[in-house]
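Residue numbers for the sequence shown follow this note's numbering, beginning at 60 and rising by one.
The C-beta atom is built at its ideal place from N, Cα and C for all residues, glycine as well.
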Amino acid sequence: MSRRRKPTRPYRSIASQMSPEHHEAFAASQAAELRGDWAAALRHYRRVPMFRDSTYGEQLEVLAALGDDAPGWLVARWLTVTARRHGVDQRRSKVAFEAGMALAHPHGVDLEALDLTYPEQATSQLWGRDWMMRQLEVYELGGLRDLLLPIPPPLGLAPELVERGGPVTRWGRAAMGGYRVGGLDDEVRTLHDARSGAPREILDLGLGEQVDEGTHVLGRLVPVDDEPGLVLEGPPLVVDEPTAAAVAGRPPGWAEILGTRIASRRLPLGCTLQPDASLTADLPHRSWVSLLGLPMGERPDQRPDTLVGQAVAALRMARDRPERVPAHRHRIGELMIDPLLDHERLARFATPQHLLAWDHLAGAVPALARARCQEMVVWCDAAGEATG
């Protein structure tokens, strides 16, 4: 992780910086989220100045841009995030945090690994990035189940939003599993049960672009409407083979198994801490920085808005080495839907010389990102006609 300079001013929590108007905007944003009105939620959310660079704000921006085109699995994944952000039972969050600390961090927390600007941010960073805490709160402690209860708005979810999540009402019952990552066939990834070896086909959302085949992971397979009918509910946790096999043999005991192996140092300390996750892929947020040779999942020293144009330029592989594109398709897709990639940054790539590259990318990237590439094909074609 990159290191930041020590702060030159005292730390003030976000809550202490919010005015009554900011609290009002935040409440309006949350109400709009529960209605499924992501555009209104984003508008209110951006009224709070300290939220303008937040990962969650960028996720709302992506959802607002996709609108009705957001697939059911993406809506369902967003609902698992909402189950934590809108949880009405603060005791559940407290229990999940305390249990996660005891099981995942029995020897203490390495604050350096959290890459904090202020030490006081440790609790919120742990709550947001610890894989075990999330699993316990959303699933074992019923966070998702309670969110999906048929409570009328404004306190409950709009029924049409739950319907858009497809079979999301069955996600809360999904068992934890231990798997070995197998091969890829088009958009279908095979996971093998770590104990029996039985194969399970899932919709590929880029897992193989972060881990190698043969890697062992823990995760939950959940139903979706898209073929082949299953997907990981979120980015899985990388573990060793004995841990994956033990969980595969006794799924209800996954937390105890994982905690015991961390306590005995058979798994590395801090292994449950993940980078900010993408909502749209099994990859870290802004995984596209890896197109520039930067480590995936680590905060770059530069601001991302200074890198996005360079990342687009790196896509010359689509013109010079098109056979390399499939190995990076989800990272390229994440770049195409990133709110930082605006029309101004794309304008210099809208030339006749880039047309074939954009056309190739349009056929290779995930469906969520296809429209942006197709738009660039039109721009390039129009530029050719203007110069012709």
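6 Å Cβ shell around residue i - same chain, five flanking residues per side excluded
i	result
L264	A340, D341
M60	Residue placement at M60 is poorly supported in this model, since its pLDDT is 32, which falls under 50; the coordinates still yield a value, given next. Only D174, E357 meet the Cβ criterion.
L326	R320
V134	R223, G224
P287	V247, E260
G308	R254
D148	none
A441	none
R345	P363
P79	none
Proximal residues to residue i (C-beta, below 8 Å), its chain only, five neighbours per side dropped
i	result
V297	V270, T274, H275, V276, C330
G116	L101, Y104, R105, F110
M376	R383, V384, H387
A124	I396, P398
A181	V168, L170, L173, L175
Rounded Cβ spacing between residue i and residue j (contact assumed at less than 8 Å)
i	j	result
P398	E120	4 Å
R239	A253	6 Å
C432	A409	Not really, about 12 Å apart at Cβ, beyond 8 Å.
H166	L266	Rounded, the Cβ-Cβ distance is 29 Å, inconsistent with contact.
Euclidean distance between Cα positions of residue i and residue j
i	j	result
R383	D335	26 Å
P211	L195	26 Å
P301	D96	44 Å
A445	Y198	56 Å
P359	L366	9 Å
L250	L420	27 Å
Q361	R404	17 Å
V306	R193	17 Å
A99	S88	7 Å
Q118	W186	18 Å
H145	A90	10 Å
P381	V437	20 Å
L332	D244	30 Å
A406	P363	18 Å
D299	R324	12 Å
H188	G443	Residue identity differs from the one stated: residue 188 is Arg in this sequence, not His. Looking at the two C-alpha atoms, the distance is approximately 47 Å.
V221	E268	31 Å
L289	E393	21 Å
G131	A322	38 Å
P411	A372	15 Å
P354	V168	23 Å
G318	P310	14 Å
L414	S337	29 Å
D205	A370	41 Å
P209	R143	17 Å
Neighbourhood of residue i by C-beta distance below 7 Å, restricted to the same chain and skipping five residues each side
i	result
V107	M77, H81, A84, F85
R388	A423, V424, P425
A304	G237, A253, R254
M395	V424, A428, R431, C432
E246	L262, D263
R151	E196, L200, G202
L122	W97, A129, W137
D112	none
E272	V240, G241, G242
Proximity to residue i [Cα-Cα], best of the options
i	options	result
A386	V424, A416, P287	V424
D418	A442, A406, L427, R378	R378
R279	G368, A234, V134	A234
T114	R151, K153, G167, Q184	Q184
V154	A123, L122, Q118, G202	G202
G241	V221, P282, L262	L262
V348	L332, Q333, R150, L374	L374
R229	L220, D244, L207	L207
R232	P282, H402, R309, R324	P282
L351	P381, I391, Q333, G318	I391
P226	A123, D284, R94, G443	D284
P343	A416, W190, R94	W190
A416	L289, A181, L125, M435	M435
G368	D148, S337, D401, E272	D401
G126	A441, H413, R94, S337	R94
Any contact of the stretch 286–294 with the stretch 209–221, i.e. 3+ C-beta pairs under 8 Å? With a cut-off of 8 Å on Cβ pairs, the stretch 286–294 is not in contact with the stretch 209–221, counting fewer than three such pairs.
Could you tell me whether the stretch 154–169 touches the stretch 304–317, where touching means 3 or more Cβ pairs closer than 8 Å? Yes, the stretch 154–169 is in contact with the stretch 304–317.
Segment contact flag, the stretch 162–173 with the stretch 136–151, C-beta cutoff 8 Å, min 3 pairs: Result no; under three Cβ-Cβ pairs closer than 8 Å.
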